[in-house]
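S.K.:
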Amino acid sequence: MPELPEVETIKLGLQKKIVGLTIKNIEVLSPKTFIGNAQTIRGKKVLNIWRKAKILGIDLGSLSLLIHLKMTGQLIYDDGKRFIGGHPTPDMRDEMPNKTTRVIFSFSDKSKLYFNDQRRFGWVRIVKEVGDLFKKLGPEPLEKDFTWQILKNNLLKHKSQPIKVALMDQSVVSGVGNIYANEACFLAKLDPRTKIKDLKEEQFKRLHKGIIKSLQDGIKYGGSSRAHFVDSEGHKGYFLDYAFVYWRDSKPCKVCKTKIEKIQLGGRGTYFCPNCQKAL
DNA sequence: CACTTGACCTGTCCGC
DNA sequence: TGCGGACAGGTCAAGT
């Protein structure tokens, strides 16, 4: 799933729900999903939830839990209180656990956090130090020290790559995946196939703005749900209603009505408006 | 070196 | 209805 806005959405949800709770039990239903000895976090208290790139971190003091949702991961929290004072509202949590549930965290107040992952690409791991995994990650695009010059410098390490492929490289900028790379190219009015070496200063600036805007909108609308993504309450995000190009193959461009085209770039579906997004 | 393809998994959708 | 292939929010490793 999950690119930066989706992981951020989950982070914001979990911050309100599980910070301060104590982990009482961990059930690992899919051994390859969990790296480390799950029982070592029993009794630990959740101090904070954070995000770096597409990785979610749960601060347990002496240890941290890192979670990557890859393509189909979900983190759904069930406070177990829906039956108090009336009828439960139907929602995704009613079906927890389901056949994609890989890890279940139980807290001392009886609430539970479910890690679901249809394709099992995602992982949960316990680490003492957070460092190593992050060494190759580029800057956080929503931090204010992410300038267009930094973006330009990082992109220029991939001179002969198409813009869209370079944007998805996590060492260039953290957290941009297929959806938001497509959207950023649209907002920058650049053909996604354009090679980095052909970009001029003005275009690096537009790309910089496009990345930030698309990610901010992604967060604003609660993320993108094509098939799998849901937030920590099991609700879908609706950014795709506002997306200009992603998953809009052969639909009219929202700006000029030209048909959106779909091609393959770097092995991934790539969507663009051939009229709004000009090659140089 | 840079770039592409395959692998990791499971599910769905589409054409024959 | 069944079967095969393509494809899906990501990231590595291996191959060319």
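What the first sequence shows, in this note's numbering, is residues 32 to 311, in sequence order.
For each residue, glycine too, the CB sits at the ideal point set by N, CA and C.
Enumerate in chain order the residues of its own chain whose CB-to-CB distance from L144 is below 7 Å, with the five nearest sequence positions on each side excluded.
M.R.: Taken in chain order, the residues that qualify are I49, L106, Y108, F136.
S.K.: With distances taken between CB atoms, is the gap from G206 to A84 smaller than 8 Å?
M.R.: The answer is yes: Cβ separation under 8 Å.
S.K.: Mind reading off the beta-carbon distance from V77 to I89? Whole number of angstroms is fine, and I expect it under 8 Å.
M.R.: Contact holds; Cβ gap of about 6 Å.
S.K.: Considering G249, what are the terminal residues of the alpha helix (DSSP H) in which it resides?
M.R.: Unbroken alpha helix (DSSP H) run through G249: 232-251.
S.K.: From which residue to which residue does the beta strand (DSSP E) around I80 run?
M.R.: Segment 79-83, the beta strand (DSSP E) holding I80.
S.K.: Within the same chain, show all residues whose beta-carbon is closer than 7 Å to that of K63, passing over the 5 residues directly before and after it, in chain order.
M.R.: Hits under 7 Å: R151.
S.K.: Taking the beta strand (DSSP E) that N56 belongs to, which residues open and close that run?
M.R.: 54-59 is the span of the beta strand (DSSP E), which, as asked, contains N56.
S.K.: Using only the alpha-carbon positions, how far apart do I250 and Q70 sit?
M.R.: Spanning the two alpha carbons is a distance of roughly 34 Å.
S.K.: Would you check if the distance between the CB atom of L218 and the CB atom of I194 is smaller than 8 Å?
M.R.: Cβ atoms of L218 and I194: not closer than 8 Å.
S.K.: Using the Cα positions of M323 and N306, report the straight-line distance between them to the nearest angstrom.
M.R.: Nothing about residue 323 can be reported from this structure: the residues present for the chain run from 32 to 311 only.
S.K.: With respect to the beta strand (DSSP E) encompassing G300, which residues constitute its N-terminal and C-terminal limits?
M.R.: From DSSP, the beta strand (DSSP E) with G300 extends over 299-303.
S.K.: Along the chain, where does the alpha helix (DSSP H) containing Y108 start, and where does it finish?
M.R.: Looking at the DSSP string, Y108 is not in any alpha helix (DSSP H); the run it does join, the beta strand (DSSP E), is 104-109.
S.K.: Between V134 and L60, how many whole angstroms is the CB-CB distance? I'm expecting something under 8 Å.
M.R.: Contact holds; Cβ gap of about 7 Å.
S.K.: Should D148 be labelled buried (16 or more other beta-carbon atoms within 10 Å of its own) or exposed?
M.R.: Its Cβ being crowded by 16 or more others within 10 Å, D148 is buried.
S.K.: Taking the alpha carbon of G268 as the point to measure from, which residue in S255, R279, L246, W278 has its own alpha carbon closest?
M.R.: Checked all of S255, R279, L246, W278; the closest Cα to G268 is S255.
S.K.: Check whether the stretch 158-178 and the stretch 268-277 touch, using three or more Cβ-Cβ pairs below 8 Å as the test.
M.R.: Short answer: they don't touch.
S.K.: Ends of the beta strand (DSSP E) at F146?
M.R.: Here the beta strand (DSSP E) through F146 covers 143-148.
S.K.: For L87 versus V158, is the C-beta distance shorter than 8 Å?
M.R.: Against a cut-off of 8 Å, the Cβ pair of V158 and L87 comes out as no contact.
S.K.: Can you give me the C-alpha to C-alpha distance between A184 and W154, rounded to a whole angstrom?
M.R.: First, the amino acid is wrong: residue 184 is Asn here, not Ala. Between N184 and W154, the C-alpha separation is close to 31 Å.
S.K.: Sorted by chain position, which residues of the same chain lie with C-beta nearer than 7 Å to R279's C-beta, five sequence neighbours on each side aside?
M.R.: Result list for R279: I291, Y302, in chain order.
S.K.: Starting from the C-beta of R224, find all residues in its chain whose C-beta is less than 6 Å away, skip the five residues before and the five after it, and write them out in chain order.
M.R.: Same-chain partners within the cutoff: P193.
S.K.: Just to confirm, is the Cβ distance from P33 to L100 under 8 Å?
M.R.: In contact: P33 and L100 (Cβ atoms closer than 8 Å).
S.K.: From what residue to what residue does the alpha helix (DSSP H) around K16 run?
M.R.: Nothing can be reported for residue 16: it is not among the residues displayed for the chain, which extend from 32 to 311.
S.K.: Would you mind stating whether K141 and I80 have Cβ atoms separated by less than 8 Å?
M.R.: Contact flag unset, no.
S.K.: Please report the distance separating the alpha-carbon of S281 from that of Q295.
M.R.: Distance between the alpha carbons of S281 and Q295: 15 Å.
S.K.: According to DSSP, is V196 part of a helix, a strand, or is it coil?
M.R.: In the structure shown, V196 sits in a helix (DSSP, three-state: H, G or I).
S.K.: Does DSSP put P10 in a helix, a strand or coil?
M.R.: In the structure as shown, the chain starts at 32 and stops at 311, and residue 10 therefore has no counterpart that could be examined.
S.K.: Please report the residue range of the beta strand (DSSP E) in which Q295 lies.
M.R.: Looking at the DSSP string, the run of the beta strand (DSSP E) that includes Q295 is 292-296.
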